[in-house]
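In the working numbering, the protein residues as written are 1155 to 1460.
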């Protein structure tokens, strides 16, 4: 993918036009008047043939580049179906993007928290530790403001820099939104080690990459939500069976403890029951704590905090 499309067309037209005028001048001086129209016609055909060949070659190059763009998007789409960590996944996607845009030297992936609507750095490639720290702390000079505007506005932008990269002449050359079917779920940003103005075509291609990633992230989130709901429904069903069975209270409490730990994905969980005689909440079961004995001596009055 080239930064400038058709760089040779204008020079070719100028050279051919000059040759045409020179030829027309020469034939008016050295050729009989009867042969002038035919000579001009033949030379016009030659000029037209050359221009047609140039435009055809350019069209073929554009077509080939479009096919390569689609192939790269297809490969990225396949990558997004692989069950790997976000950091490894982004490295593979960035490598594919770099194949199409070799001038890119670094990249970063920002994701929006699905509950808190908070934008944070999720993965990066070839960014110095200083730049990563600046982006995580959201410092103004880090270019985070540009990335945040892309997340809120949903429009690609091309401006900003990181101080640690600016020393090496590296600047932010593009930030595109990651779009799901309903909203922006993140931002994809790229830095270039040399002056680089993205063409409209390159921006659209990067936006298409962002769209692929956004839809894949939405699909992953929906799958996680579906599995979580299934897990919760199964746990509630088993809890209802346990509470209505003839099992001992200790066995029922242990079943509840295990299911709560599984649903909340917590390593440490305890259960407290109300003692009506002492009017206190007492720990009756716990897991994931190193000092179980001291924990069981913990009591609380209703309404009392920790």
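For each residue, glycine too, the CB sits at the ideal point set by N, CA and C. Since the structure is predicted, the reported quantities are computational estimates derived from the model, not experimental observations.
What span of residues does the beta strand (DSSP E) with residue i cover, start to end?
{"i": "residue 1310", "result": "Residue 1310 -> no beta strand (DSSP E), and no H or E assigned at all."}
{"i": "residue 1425", "result": "1423-1429"}
{"i": "residue 1435", "result": "1434-1441"}
Hey, residue i and residue j: beta-carbon distance below 8 Å or not?
{"i": "residue 1345", "j": "residue 1274", "result": "no"}
{"i": "residue 1368", "j": "residue 1352", "result": "no"}
{"i": "residue 1363", "j": "residue 1251", "result": "yes"}
{"i": "residue 1221", "j": "residue 1366", "result": "no"}
{"i": "residue 1246", "j": "residue 1233", "result": "yes"}
{"i": "residue 1361", "j": "residue 1310", "result": "yes"}
{"i": "residue 1453", "j": "residue 1434", "result": "yes"}
{"i": "residue 1226", "j": "residue 1259", "result": "no"}
{"i": "residue 1249", "j": "residue 1350", "result": "no"}
{"i": "residue 1409", "j": "residue 1396", "result": "yes"}
{"i": "residue 1334", "j": "residue 1372", "result": "yes"}
{"i": "residue 1149", "j": "residue 1224", "result": "Outside the displayed range of the chain (1155 to 1460) lies residue 1149, so it cannot be described from this structure."}
{"i": "residue 1436", "j": "residue 1449", "result": "no"}
Give the secondary structure of residue i by DSSP, where H, G and I count as helix, E and B as strand, and everything else as coil.
{"i": "residue 1218", "result": "helix"}
{"i": "residue 1159", "result": "Residue placement at residue 1159 is poorly supported in this model, since its pLDDT is 47, which falls under 50; the coordinates are not used for a value here."}
{"i": "residue 1418", "result": "helix"}
{"i": "residue 1448", "result": "helix"}
{"i": "residue 1318", "result": "In this prediction, residue 1318 has a pLDDT of 48, which is less than 50 and means its spatial position is unreliable; what the coordinates show is noted afterwards. Of the three classes helix, strand and coil, the one that applies to residue 1318 here is helix, per DSSP."}
{"i": "residue 1202", "result": "helix"}
{"i": "residue 1207", "result": "helix"}
{"i": "residue 1328", "result": "strand"}
{"i": "residue 1277", "result": "strand"}
{"i": "residue 1333", "result": "strand"}
{"i": "residue 1455", "result": "coil"}
{"i": "residue 1407", "result": "helix"}
How close, in whole Å, do the beta carbons of residue i and residue j come, if the pair is a contact with beta carbons under 8 Å?
{"i": "residue 1441", "j": "residue 1401", "result": "Between residue 1401 and residue 1441 the Cβ distance is about 18 Å, and since that is not below 8 Å, they are no contact."}
{"i": "residue 1439", "j": "residue 1417", "result": "In fact, because the Cβ distance is near 16 Å, the residues do not count as touching under 8 Å."}
{"i": "residue 1304", "j": "residue 1266", "result": "About 11 Å; that fails the 8 Å criterion."}
{"i": "residue 1413", "j": "residue 1387", "result": "Rounded, the Cβ-Cβ distance is 12 Å, inconsistent with contact."}
{"i": "residue 1301", "j": "residue 1240", "result": "In fact, because the Cβ distance is near 17 Å, the residues do not count as touching under 8 Å."}
Kindly indicate the opening and closing residues of the alpha helix (DSSP H) around residue i.
{"i": "residue 1284", "result": "1283-1290"}
Subject >> Any alpha helix (DSSP H) of 4 or more consecutive residues that is wholly inside the region 1336-1401 >> reply: 1354-1397
Original post:
Hey, which unbroken runs of the alpha helix (DSSP H) at 4 residues or more fall wholly within the region 1226-1275?
Top reply: 1240-1254
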